[in-house]
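Going by the working numbering, the first residue of the sequence shown is number 41, and it counts up by one from there.
By construction, the Cβ of each residue, glycine as well, lies at the ideal position given by its N, Cα and C atoms.
Here the structure is a predicted model, which is why all the values come from computation and not from measurement.
Here's the structure, in structure tokens; my notes come after.
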Amino acid sequence: MDGRFFENEYPNFLLSPPAIPPAIQIGSLGNLAFEGIQTNYAFSVADPQQLYNLAQNGWQHDALNVPPCTYGDQLSFLRTTTNTTFAYAGVINTAYQASTTQATYGNHTIADQLAIVARLIKGQLGTKVYMVTLDGFDTHANQASTHADRMQKLADSIDAFYTDLAAYGNQDEVLCMTISEFGRRVEENGSNGTDHALQHL
């Protein structure tokens, strides 16, 4: 997956963005999976309530009346991006507040992220693609215990996620998939871990 899908779906994204974000990444950095030629199509958010509060302190910017030069193009891009951020803050917050958490999530990052996604889905935001992140798989040493802990957190969080969705009848409408940034070798190295590989799933 990369930004080409979103470029085809939203060819005028910068000048005429859709009413809801095409993709949301829970976290502060846009993932390259959503990177297009002109922009990153994922809207990154850590806390919808905080985002909404911050957005209410800003204002809309004129992205059309800019100088006809490179500076004007850059200014238009920045103003459009800012306007999109403010506009999305409201719809995200509305969806987030329209539901409550109906499952017991663990006390760790992946669980927190999935809990936010569940509330946005149950609140009928309408965004089709969400990305959450679980770090800690770069296990060059002592892989067994670290890897097992990460996989348990992932499994428990996904279980809570689907339990949460089931409370609103959304469990059969959502598909989860996992991807990795890079693969690992099958054979163990000399530090009870595994090194990077060329292939991955």
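- The residues Thr179, His180, Ala181, Asn182 and Gln183, in chain order, have a CB closer than 7 Å to that of Gly233 in the same chain once the five nearest residues on each side in sequence are set aside.
- Between Thr125 and Phe83, the gap from beta carbon to beta carbon is short of 9 Å.
- Contact annotation: Ser139 and Gly163 have beta-carbon atoms nearer than 9 Å.
- In this structure, DSSP gives Gln142 a state outside helix and strand, which the three-state scheme calls coil.
- Note that the stretch 114-122 does not touch the stretch 151-163; fewer than 3 beta-carbon pairs, one per stretch, sit closer than 8 Å.
- For Phe222, there is no enclosing alpha helix (DSSP H), as DSSP marks it with neither H nor E.
- Shortest Cα-Cα distance from Leu69 to any of Leu205, Val172 and Thr144 involves Val172.
- In the three-state reduction of the DSSP assignment, Met191 falls in the helix class.
- In this chain, Ala86 is not harboured by any alpha helix (DSSP H), its DSSP state being neither H nor E.
- In the three-state DSSP reduction, Glu49 falls in the helix class (H, G or I).
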